[in-house]
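Converting from the sequence shown to our numbering requires adding 44 to each position, the first position being numbered 1.
Positions of the beta carbon are idealized from the N, C-alpha and C atoms, including for glycine.
For reference, the structure discussed in these notes is given below.
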Amino acid sequence: MNEQQHHTTRRNSAVTVIGLGPMGQAMTRTLLAAGHPVTVWNRTAGRADGVVADGATLAATPSEAVEASDLVILSLTDYQAMYDILDSAIASLAGRTLVNLSSDTPDRTRKAACWAAGHDAAFLSGGVMVPAPMVGTEAAHVYYSGPDEVMENHRAALALLGTPKHLGEDPGLAQMMYQAQLAVFLTTLSGLMHATAMLGTAGMKAKEVLPELLSSADSIGDILRAGEENPGAALDAGEHPGDLSTVTMMGATSDHIVETSTSLGLDLALPLAVQAHYRRAIEDGHGSDNWTRIIDSIRGPR
Numbered sequence: 045m046n047e048q049q050h051h052t053t054r055r056n057s058a059v060t061v062i063g064l065g066p067m068g069q070a071m072t073r074t075l076l077a078a079g080h081p082v083t084v085w086n087r088t089a090g091r092a093d094g095v096v097a098d099g100a101t102l103a104a105t106p107s108e109a110v111e112a113s114d115l116v117i118l119s120l121t122d123y124q125a126m127y128d129i130l131d132s133a134i135a136s137l138a139g140r141t142l143v144n145l146s147s148d149t150p151d152r153t154r155k156a157a158c159w160a161a162g163h164d165a166a167f168l169s170g171g172v173m174v175p176a177p178m179v180g181t182e183a184a185h186v187y188y189s190g191p192d193e194v195m196e197n198h199r200a201a202l203a204l205l206g207t208p209k210h211l212g213e214d215p216g217l218a219q220m221m222y223q224a225q226l227a228v229f230l231t232t233l234s235g236l237m238h239a240t241a242m243l244g245t246a247g248m249k250a251k252e253v254l255p256e257l258l259s260s261a262d263s264i265g266d267i268l269r270a271g272e273e274n275p276g277a278a279l280d281a282g283e284h285p286g287d288l289s290t291v292t293m294m295g296a297t298s299d300h301i302v303e304t305s306t307s308l309g310l311d312l313a314l315p316l317a318v319q320a321h322y323r324r325a326i327e328d329g330h331g332s333d334n335w336t337r338i339i340d341s342i343r344g345p346r
């Protein structure tokens, strides 16, 4: 087989998708649109109706789904769901590549990679960093980790879902990045809702305030990049120059947010957590350092 034939085979190779929530359905349709034969399986078979109408093949069992393709993509609630579903298909796993795009902890991801290897299957973990409607668009990207050779063998098909960003051989790395990204995302969402609730006590409607709050959220990246030529370089060097925003200054602001939220009767979980970061840094004698010093207590004892 020449190189062009090899790439054509990869491009049109069969793919199995297990798990047909919104993300699994979006991935299935993206692969179908690119010419891949796609076999699907879902615990609630009715969820497959739409993608079957679009050209996917519904497998009757997990074993049948696995046996249909060398590349098996899992989009499930967590990693336990993979074991629950594939327990009946263990005899079919040898020689397949499992790409688990489900959310879980890095430790469980590493254990899953060992489990797959124990059944002679290759394994990649991944995290899709866009919502389902953006799968397959230029804005989509997906973090992966696992063996380089396995990644390269399936890069063409996986690239259809979003730009692949391979972080290394450790299967836990993609999950670690995924959880880190979600830590930023979820705390931002909570911050937006806390701020909206705060302004709501003054009679302001969400449709009035969210555009202003979203503009502030959008500007955070620009603010941080403007403050440091290479964001993160000072952190890596253990440097926290307090010439702009000090721990003491930011801590005072966090105090005001707690006081305001208390007076308004709002839930204090989020503002108290933020305040605690600054108070610990001040107690440790770092009040004049840059706000980034709060990372010390977040990292925990060393």
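| Item | Value |
| --- | --- |
| Close Cβ partners of A239 (< 6 angstroms) along its chain, the five nearest in sequence each way excluded | L257 |
| Paired residues, beta bridge with L142 - DSSP | V116 and F167 |
| Chain-order list of residues whose beta-carbon lies under 6 angstroms from that of T52 (same chain, five-residue window excluded) | Low local confidence applies: a pLDDT of 38 at T52 is under 50, so the model's placement there is unreliable, with the coordinate-based value given in what follows. There are no such residues. |
| Beta-carbon proximity list for S113, same chain, < 7 angstroms, skipping 5 on both sides | A58, V59, T60 and T83 |
| Length of the line joining the Cα atoms of L233 and A278 | 27 angstroms |
| Option nearest N20 by Cα separation, candidates H80, T101 and G79 | Only positions 45 to 346 of the chain appear in the structure, and residue 20 is not among them; the question remains open. |
| H80 burial status per 10 Å Cβ neighbour count (16 or more: buried) | buried |
| For N197, three-class secondary structure by DSSP | helix |
| Y127 and N144 closer than 8 angstroms at C-beta | no |
| Bridge partner(s) assigned by DSSP for N56 | Per DSSP, none; premise fails for N56. |
| DSSP-derived helix/strand/coil call for K249 | coil |
| Spatially closest choice to Q69 from E283, G247 and L205, by CA coordinates | L205 |
| CB-CB length for Q319 against D340, believed under 8 angstroms | At roughly 16 angstroms, the Cβ-Cβ gap does not stay under 8 angstroms, so Q319 and D340 are not in contact. |
| CB-CB length for A176 against P66, believed under 8 angstroms | 4 angstroms |
| Reduced DSSP category for V95 - H, G, I as helix; E, B as strand; rest coil | helix |
| Per-residue DSSP class, three states only, for H284 | coil |
| Host alpha helix (DSSP H) of S136 (start-end) | Unbroken run through S136: none, as it is neither H nor E. |
| Rounded C-alpha distance that separates D192 from H163 | 20 angstroms |
| Reduced DSSP secondary structure (H/G/I, E/B, other) of L102 | strand |
| From M242, M173 and P255, residue whose alpha carbon lies closest to that of A224 | M173 |
| Nearest-angstrom Cα separation, counted from G235 out to N56 | 44 angstroms |
| Which of helix, strand or coil DSSP assigns to P150 | helix |
| Where V291 sits in the DSSP three-state scheme | helix |
| Backbone secondary structure at S107 - three-state DSSP | helix |
| Reference S147; option with closest CA among G139, S169 and S136 | S169 |
| Short Cβ contact (8 angstroms threshold) for G171 with Y222 | yes |
| Option in T88, H185 and P215 with minimal Cα separation from D151 | P215 |
| Other residues of its chain near R337: CB distance less than 7 angstroms, five sequence neighbours each side excluded | H284, V291, A325 and H330 |
| Neighbourhood of A92 by C-beta distance below 6 angstroms, restricted to the same chain and skipping five residues each side | L64, V84, N86 and L102 |
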